[in-house]
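Student: Provided herewith is a single structure, encoded as structure tokens, for subsequent inquiry.
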Amino acid sequence: MKNNQFSLVELIQIFAEYRNNIIVSIKHLQEDYQRTSVKRVRGVRDEKGELIQPWLRTENIDNAEYVGMGEFHFNRNTATINMLIKRKVKLAKLADQTPTFEVAGLLVNDLNSFNNYTIVSDGKINVKSLQVKISSKKAFELLKGKGVLDAKYFDFRTEYTIQLDSLPLVTADSHYSSIDGLFNQIAEIKVLTSIISAHLKKESDIFVAEQLDEFKKHYLSKNIYINFPTTNEYTDIHQALANGTLESRLSYKIDIGSQDILNLSKLHSANKFLNRMYRLYDKDTGEIITKASFEMAFNQNLAVRHRLLSSRTKITKVDELMKPIFDDFLGLEQNGLVAGILRKVGAESLAQLLQDKQAGKQINKEEMVAALTAANSKLEQYIEKIYQDKISPLVFYIGSTGVLPEQMSAKAMTAQEAAAKYPNLQFSKNEQQGTFFAVGDSMIGIYTKTEYYSKNVAILNHL
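In case it helps, my numbering puts the sequence shown at residues 4 to 466.
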């Protein structure tokens, strides 16, 4: 790497800005594409391991040579960049290819399929080049000026080859903003989204239960995304490794945490924490509901109270983070935490409904589901922006260079050293083999993991 040298990350930023003016040769992309994970096939396996395929399949509406430039996403935990390509598809019966035009009163002849193509995998180029056509002279001149286009004059008819493997992944003088306080901010939002998602597991703000059942039968989610069941292509991993159709590689996972909570995986799911710290009971009989879930929260005859904890229950820093948010959401303590988070992301309608509910007002279920759905979307968008702007680029830099940025000076620690210095941290078996850096009030953990991938298998159009 040289200072000020144009990097792949900067190229992808240009692609993202001009994605509506660039189309990609899908044939060229698929020809030499190498999977970075184990190939999955549609269907489920029976007791004998035989594959039972879904009764529906998808067919591309377009059979074009080019597709729109995809959306680029940095992985949150590894030095990986994916390009998500969207294509129009229709549903058809597997047996006789009869098209399915309508499900539950909704036209389904114009659905989208989504395929991820890994451009960079764990700090290594996975797609060497892209063949593109460019419809914007401004985009052409910008790419030409960066030295990635070998052409003198703009021609929208010409197919250009952009070499990705000739670029450094990042620049040597990359700078990153402080991550102080980010983990707690993300963790609080994750706790709230977990509560909301648990409420909405079987609810929709648009469709009734019978429609959701119909969608499920036709492999559609409640958001009308195609959702086929999938299973690993290989039933015997060891045999696939032996015959060379499957290979392994070492992956480096990079997590951001605090000096009290190692990473987000330490947080409990909403329903698990509900049963750990609370009791749901019938208002009339006082009967306690075993295996309570937030799906039951819409039952007007149920109430919630704190669970009486035994002396054996050890309160952790995770509990201390999650409990005030749960208490506030459930109306057991009005500390303003939930309203503060919701207003920060622009979800005032849910904040107001929760306030009305705690004041004893009757809340319409449909209105609450709509507010929960809208809030969930805004919370997810907010947290995604934090990752894409502040965390994922840092993770990518560390994973692709093997070092922390120059402005982050920290001494490497083993899990034993980190545990001695920060006694609240809890380590899983795999995490005990990690390397840790205390940066400001944050903790960066790096772990190795063996990943398997299907060797030399091209992505086919129908997948």
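Quick reminder that beta carbons are idealized off the backbone N, C-alpha and C, glycines included.
Considering tyrosine 385, what are the terminal residues of the alpha helix (DSSP H) in which it resides?
Tutor: Residues 368-389.
Student: Between the Cα of isoleucine 26 and the Cα atoms of Phe9, Glu13 and Lys89, which residue gives the shortest distance?
Tutor: Nearest C-alpha to isoleucine 26: Lys89.
Student: Over what stretch of residues does the alpha helix (DSSP H) that includes glutamate 20 continue unbroken?
Tutor: That run of the alpha helix (DSSP H) goes 11-20.
Student: Could you tell me the alpha carbon to alpha carbon distance between histidine 465 and lysine 424, rounded to whole angstroms?
Tutor: For histidine 465, the pLDDT reaches just 37, beneath the cut-off of 50, and the residue's location in the model is therefore unreliable, although a value from the coordinates is still provided. Taking the straight line from one Cα to the other gives about 53 angstroms.
Student: Tell me, which residues are paired with valine 47 by DSSP?
Tutor: Answer is Ile55, bridged to valine 47.
Student: Span of the beta strand (DSSP E) holding leucine 249?
Tutor: Looking at the DSSP string, the run of the beta strand (DSSP E) that includes leucine 249 is 249-261.
Student: Given that a residue counts as buried once 16 or more other Cβ atoms are within 10 Å of its Cβ, and exposed if not, what is isoleucine 178?
Tutor: The amino acid at residue 178 is misidentified as isoleucine; the sequence shows histidine. Looking at its Cβ environment, which holds fewer than 16 other Cβ atoms inside 10 Å, histidine 178 is exposed.
Student: Here's the rule I'm using: 16 or more other beta-carbon atoms within 10 Å means buried, otherwise exposed. How should histidine 241 be labelled?
Tutor: When all chains shown are included, histidine 241 counts as exposed.
Student: Along the chain, where does the beta strand (DSSP E) that runs through valine 130 open and close?
Tutor: No beta strand (DSSP E) contains valine 130, which DSSP labels as neither H nor E.
Student: For valine 398, count the other beta carbons within 10 Å of its own beta carbon; 16 or more makes it buried, fewer makes it exposed. Which is it?
Tutor: It counts as buried.
Student: Three or more beta-carbon pairs under 8 angstroms between the segment 393-413 and the segment 224-231, yes or no?
Tutor: With the cut-off at 8 angstroms, the segment 393-413 and the segment 224-231 do not touch.
Student: Pull up the distance between the alpha-carbon of glycine 339 and that of arginine 43, whole angstroms please.
Tutor: Their Cα atoms are separated by approximately 45 angstroms.
Student: Please state if the CB of lysine 193 and the CB of phenylalanine 301 are separated by a distance shorter than 7 angstroms.
Tutor: No; because the gap between Cβ atoms is not below 7 angstroms, this pair is not in contact.
Student: Go to glutamate 454, then tell me how far its alpha helix (DSSP H) extends in each direction, as first and last residue.
Tutor: Unbroken run through glutamate 454 is the beta strand (DSSP E), 445-457; no alpha helix (DSSP H).
Student: Name, in chain order, the residues that DSSP records as bridge partners for arginine 308.
Tutor: In the DSSP output, where bridge partners are listed per residue, arginine 308 has Arg282.
Student: Note the first and the last residue of the continuous beta strand (DSSP E) segment covering glutamine 166.
Tutor: Note, glutamine 166: beta strand (DSSP E), 163-166.
Student: Tell me which residues share the same chain as leucine 203 and place their Cβ nearer than 8 angstroms to its Cβ, disregarding the 5 neighbours each side in the sequence.
Tutor: Val372, Leu375, Thr376 and Asn379.
Student: Does asparagine 23 come out as helix, strand or coil in the three-state DSSP assignment?
Tutor: Three-state DSSP puts asparagine 23 in a helix.
Student: Mapping the DSSP letters down to three states, classify methionine 299 as helix, strand or coil.
Tutor: In the structure shown, methionine 299 sits in a helix (DSSP, three-state: H, G or I).
Student: So, helix, strand or coil for lysine 424, using DSSP?
Tutor: In the structure shown, lysine 424 sits in a helix (DSSP, three-state: H, G or I).
Student: Taking DSSP as the reference, what is the three-state secondary structure of glycine 73?
Tutor: Coil at glycine 73, not helix or strand.
Student: Between tyrosine 237 and the rest of its own chain, which residues show a CB-CB distance below 7 angstroms, the 5 nearest in sequence each way excluded?
Tutor: Contacts found: Val41, Ala243 and Leu249.
Student: What is the rounded straight-line gap between the Cα of alanine 306 and the Cα of serine 314?
Tutor: Straight-line Cα distance between these residues: approximately 25 angstroms.
Student: Would you identify the three-state DSSP class for proline 396, choosing helix, strand or coil?
Tutor: Looking at proline 396 - three-state DSSP - the assignment turns out to be helix.
Student: What is the DSSP secondary structure of glutamate 323, reduced to helix, strand or coil?
Tutor: If DSSP states are grouped into helix, strand and coil, glutamate 323 belongs with the helices.
Student: Under 8 angstroms: do the segment 314-326 and the segment 256-269 share three or more Cβ pairs, one atom per stretch?
Tutor: A contact exists between the segment 314-326 and the segment 256-269.
Student: Leaving out the 5 sequence neighbours to the left and right, which residues in its chain are closer than 7 angstroms to tyrosine 222 when beta-carbon positions are compared?
Tutor: Cβ neighbours of tyrosine 222 beyond the five flanking positions: Pro57, Leu59, Ile229, Asn230 and Phe231.
Student: Starting from lysine 96 and walking both ways along the beta strand (DSSP E), at which residues does that stretch end?
Tutor: Looking at the DSSP string, the run of the beta strand (DSSP E) that includes lysine 96 is 84-96.
Student: Since leucine 133 and leucine 167 are thought to touch, with beta carbons under 8 angstroms apart, how far apart are those beta carbons, to the nearest angstrom?
Tutor: Between leucine 167 and leucine 133 the Cβ distance is about 7 angstroms, and since that is below 8 angstroms, they are a contact.
Student: Could you work out which residue in Ser412, Tyr456 and Ser403 is closest to phenylalanine 440 when comparing CA atoms only?
Tutor: Of the candidates Ser412, Tyr456 and Ser403, the one whose C-alpha sits nearest the C-alpha of phenylalanine 440 is Ser412.
Student: Just to check my reading of the structure: tyrosine 69 and tyrosine 120 have Cβ atoms closer than 8 angstroms, yes? What is that Cβ distance to the nearest angstrom?
Tutor: Between tyrosine 120 and tyrosine 69 the Cβ distance is about 14 angstroms, and since that is not below 8 angstroms, they are no contact.
Student: Output the distance between the C-alpha atoms of glutamine 410 and asparagine 63, rounded to the nearest integer angstrom.
Tutor: Each residue's Cα considered, the two are about 48 angstroms apart.
Student: Are the segment 14-23 and the segment 70-80 touching by the rule of at least three beta carbon pairs closer than 8 angstroms?
Tutor: The segment 14-23 vs the segment 70-80: in contact.
Student: Which residues in the same chain have their Cβ closer than 8 angstroms to the Cβ of glutamate 351, if we skip the five residues on either side of it in sequence?
Tutor: Once the five neighbours on either side are set aside, the close Cβ partners of glutamate 351 are Leu345.
Student: Quick one: Cα of leucine 11 to Cα of isoleucine 182, how far?
Tutor: Looking at the two C-alpha atoms, the distance is approximately 23 angstroms.
Student: Output the distance between the C-alpha atoms of phenylalanine 297 and asparagine 118, rounded to the nearest integer angstrom.
Tutor: Between phenylalanine 297 and asparagine 118, the C-alpha separation is close to 33 angstroms.
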